[in-house]
Structures are given as C-alpha cells and as structure tokens.
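The structure appears below as structure tokens.
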Amino acid sequence: MSLTLGVLSIQGDVLENMLSAKAAIDALDIDGTVISVKTPDEISQVDGLIIPGGESTTIGRLSVANGAMKILKEKIEQGMPVLGICAGMILLSKNAQDKVVGKIDQPLLDMLDIKLERNSFGRQRESFESDISLNSIGIPSFNGVFIRAPSISDVGSDVEVLSKFNEKIVAVKKNNLIGVAFHPELTSDISVHKYFVNLTNTLKN
Amino acid sequence: MAREFKVSYDIVEQTAKLGRLPVVNFAAGGIATPADAAYLMSLGCDGIFVGSGIFSADDAQERANAIVLATTFWNEPDRVKEAQKMIDERQSIPGLDVKTLDLRMQDRGGSA
Chain A
14 MSLTLGVLSI QGDVLENMLS AKAAIDALDI DGTVISVKTP DEISQVDGLI IPGGESTTIG
74 RLSVANGAMK ILKEKIEQGM PVLGICAGMI LLSKNAQDKV VGKIDQPLLD MLDIKLERNS
134 FGRQRESFES DISLNSIGIP SFNGVFIRAP SISDVGSDVE VLSKFNEKIV AVKKNNLIGV
194 AFHPELTSDI SVHKYFVNLT NTLKN
Chain U
4 MAREFKVSYD IVEQTAKLGR LPVVNFAAGG IATPADAAYL MSLGCDGIFV GSGIFSADDA
64 QERANAIVLA TTFWNEPDRV KEAQKMIDER QSIPGLDVKT LDLRMQDRGG SA
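If you read the sequences in order, they're chains A and U.
If you read the first sequence in the working numbering, its first letter stands for residue 14, the second for the next number, and so on.
If you read the second sequence in the working numbering, its first letter stands for residue 4, the second for the next number, and so on.
Structure below.
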C-alpha cells in the first residue's frame with residue numbers, strides 16, 4: 014500500500030518540508046505521497062508526520078483549538094513516526110523553558126522526555142549554520158541550519174542522543190520520534206528526510 | 004518564457020517547481036472581520052496583517068483571536084462562522100466606498 018506522509022500545516026515551514034519529503038520519497042523510489050494536514054480527519058490518514066519549524070506556541074495553541082492536538086497524541090501513542098523540527102521538537106517535548114523569556118506556559122504533546130531550552134543560541138540575529146554529524150543514523154556530515162533554535166540540556170533514559178553541537182544536544186530519537194533543533198528542509202541535502210521516510214515506510218510494511 | 008516575461012530563468016524554474024511564486028504574499032489594509040481574513044486566504048494569500056481593524060475596535064482581544072482562527076482554518080466554513088460569531092459585527096471599522104471617497108490616489112498627483 015502506498016505511503017502517506019503528512020506535514021502539519023497550521024503554521025511554519027510547511028512547503029519546504031513537503032518538497033524535501035517528496036524528494037526523499039522519489040530518491041528512495043517508494044510509492045508514496047506527501048500531503049499537508051491540519052484537521053483531525055486529515056491527520057488520521059497519515060502514516061508519518063512532520064511537524065515543521067515555526068512558532069511553537071502558535072502551532073500548539075491552534076492545534077488545541079481545532080482538536081488536532083488530541084488526535085496527534087493518540088496517533089503518537091499508537092506508534093506513528095514523527096519528525097519534529099525546531100518548533101516541532103519543542104511540541105514533542107514534555108516541558109520547555111525559554112532562555113530569553115524564562116518559564117512559559119504553552120500546550121505541548123508531552124511525548125519526549127527531554128529538558129529543552131527555547132531560543133538556546135540567542136535571538137533571531139544569532140541564527141547560524143554549522144556542520145554537524147548524526148553518525149548513529151548514518152549521516153556523518155550535515156549542514157545544520159539553526160534559526161533561533163532550541164537545544165536540549167538533558168534527556169530521559171529512553172531517549173537517544175543523535176547529535177551535539179557545542180556540548181548542546183541538537184538531535185534526539187525515541188523509538189519512532191525524532192527531534193532536531195536545526196532545519197533540514199532548508200538545505201539541498203535530503204538525508205534527514207530520507208531517514209525519516211525510510212523509518213515510516215519500514216514501520217508501515 | 005523567461006524572455007517573454009522579462010524575468011530571470013532561475014525564477015521561472017523555481018515558480019514551475021513550486022507551482023506558485025517563490026515569495027510570500029501577505030494581505031493588509033481594510034481587514035476588519037474574521038470573514039474578511041478567511042476570504043483573502045481563499046484568494047491565495049499566505050497570511051494577513053491586521054492593524055486598525057483590531058486596535059480601533061473595542062473588542063480588540065477577542066477580535067484578534069477570532070481573526071487568527073479564521074485565517075488558520077480559512078478553508079473550514081464552520082470554523083470561520085464560529086470565529087465570525089466571536090465578534091460584534093457592528094463594532095467593525097466601517098468600509099469605505101471607492102465611489103464616495105473624497106480623495107483618490109490616482110487623482111492626488113505626484114507632489115502631494
């Protein structure tokens with residue numbers, strides 16, 4: 014059966030992720046489509062989901078408003094793979110602190126046991142690119158684009174660290190959930206998307 | 004096609020790949036209600052800016068929330084209707100009729 018990958022399209026880097034995911038599906042020669050999803054009905058159709066970068070409070074609050082948050086939690090508990098990018102990783106986390114504004118109250122999916130800090134590298138003007146490696150998933154070198162990025166200071170025992178930058182954790186994995194602090198959809202390298210497509214496809218079949 | 008439209012080949016290529024122009028298009032000016040916002044989204048805008056439509060209304064906070072909901076869920080008519088019901092239509096800034104404007108930009112001249 015054909016693979017259906019969704020990109021949560023409430024706010025954020027939707028189109029770029031749809032293009033990267035489609036390119037990954039084509040490169041892997043998998044029979045699959047990428048759709049943008051927003052409503053609970055649309056979310057229920059996908060085999061895997063990318064939660065894109067954006068503004069995590071905005072995505073979170075609006076996901077609560079239309080009931081998307083509830084079905085997201087249900088599907089993740091049932092094993093749906095999710096790639097959470099930047100804001101998407103914040104949404105997957107259990108709790109988040111903000112380096113700039115301190116304690117925050119925002120709706121989260123509460124799925125990844127990680128201690129997360131928003132705006133960890135500073136404000137917008139401190140955004141940067143750097144070469145990083147995700148060796149344990151077979152990506153030795155990747156151009157990480159960090160835009161007002163979060164980082165992780167500590168992980169629970171069930172969470173695997175995939176990558177660090179300057180001693181800060183910037184990529185994690187727990188079973189079918191992947192969180193990255195950088196934006197793989199903004200580079201021409203589709204390795205991370207390919208890894209996620211492969212993971213989703215393997216679980217489906 | 005690049006020659007016909009007098010644009011760079013790169014932009015034509017990007018536009019073809021994306022199926023849309025490679026720039027975001029935000030609508031602004033005269034948007035006062037959730038329905039206005041949803042309508043502009045349905046015409047293909049990527050987002051909406053609202054200034055006086057919210058800040059000159061007495062129900063600013065509720066109106067801001069309602070316009071955000073209508074913009075996000077613009078293609079779900081029931082949600083737009085719900086958002087529209089959050090505001091008092093009578094408090095919306097009045098629309099201007101082009102036919103009765105005192106001053107029209109095209110008549111204003113370059114030195115004004």
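Idealized CB from N, CA, C, for every residue including glycine.
Since we're looking at a predicted model, the values are computed, not measured.
I'd like to check one pair, residue 166 of chain A with residue 139 of chain A: are the Cβ atoms closer than 8 Å? no
Taking three-plus beta-carbon pairs below 8 Å as touching, is the stretch 185–202 of chain A in contact with the stretch 97–108 of chain A? yes
Roughly how many angstroms separate the alpha carbons of residue 96 of chain U and residue 39 of chain U, rounded to a whole number? 12 Å
Do the stretch 54–65 of chain A and the stretch 170–188 of chain A meet, that is, are 3 or more Cβ pairs less than 8 Å apart? no
Measure the Cβ-Cβ separation of residue 155 of chain A and residue 134 of chain A and say whether it is below 8 Å. no
Min CB distance residue 76 of chain U to chain A below 8 Å: yes
CB-CB under 7 Å to residue 29 of chain U, same chain, minus the five flanking residues each way: which ones, in chain order? 48, 49, 50, 51 and 52
For my contact list, residue 196 of chain A and residue 72 of chain A are in at a C-beta cut-off of 8 Å; report their separation, rounded to the angstrom. The pair is not a contact, with the Cβ atoms about 15 Å apart (cut-off 8 Å).
Who are the near neighbours of residue 27 of chain A in its chain, counting only those whose CB is closer than 7 Å to its CB and skipping five residues on each side? 20, 49 and 65
Have a look at residue 68 of chain A and residue 132 of chain A and give me their C-alpha separation to the nearest angstrom. 11 Å
Contact between the stretch 75–85 of chain A and the stretch 29–43 of chain A: three or more CB pairs below 8 Å? no
Of all the CB atoms in chain A, is at least one closer than 8 Å to the CB of residue 117 of chain U? Because chain U spans 4 through 115 in this model, residue 117 of chain U falls outside it and cannot be assessed.
Determine the contact status of residue 45 of chain A and residue 16 of chain A, defining contact as a CB-CB distance below 8 Å. yes
Say whether chain A places a C-beta atom closer than 8 Å to the C-beta of residue 13 of chain U. no
When the Cα of residue 217 of chain A is compared with those of A/35, A/22 and A/58, which residue comes out closest? A/58
Could you have a look at residue 97 of chain A and say whether DSSP puts it in helix, strand or coil? strand
Same chain, Cβ closer than 7 Å to residue 150 of chain A, neighbours up to 5 away in sequence not counted: 175 and 208
At a CB distance below 9 Å, what residues from the stretch 77–105 of chain U approach chain A? Give them in sequence order. 78, 79 and 82
Using a C-beta to C-beta distance shorter than 9 Å, which residues of chain U count as neighbours of residue 79 of chain A? 72, 75, 76, 79 and 82
Compare the C-beta of residue 23 of chain A with all C-beta atoms of chain U and state if any pair is closer than 8 Å. yes
Taking only beta-carbon atoms, is residue 200 of chain A less than 8 Å away from chain U? no
Closest residue to residue 94 of chain U among U/37, U/25 and U/44 (Cα-Cα distance): U/37
With a CB to CB cut of under 7 Å and the five nearest residues on each side skipped, what residues in its chain are close to residue 186 of chain A? 173 and 175
Which residues, in chain order, does the stretch 48–77 of chain A contribute to contact with chain U at a C-beta distance below 8 Å? 51, 52 and 75
Check residue 30 of chain A in the structure and name its three-state DSSP category. helix
Tell me whether residue 107 of chain U is buried or exposed, calling it buried when 16 or more other Cβ atoms sit within 10 Å of its Cβ. exposed
Where residue 158 of chain A sits in the DSSP three-state scheme: strand
Expressed to the nearest angstrom, what Euclidean distance is found between the alpha-carbon atoms of residue 104 of chain U and residue 112 of chain U? 16 Å
Using alpha carbons as the reference points, say which of A/70, A/85, A/108 and A/35 lies closest to residue 53 of chain A. A/85
Residue 121 of chain A and residue 112 of chain A: beta carbons closer than 8 Å? no
Tell me the residue span of the alpha helix (DSSP H) that contains residue 68 of chain U. 63–75
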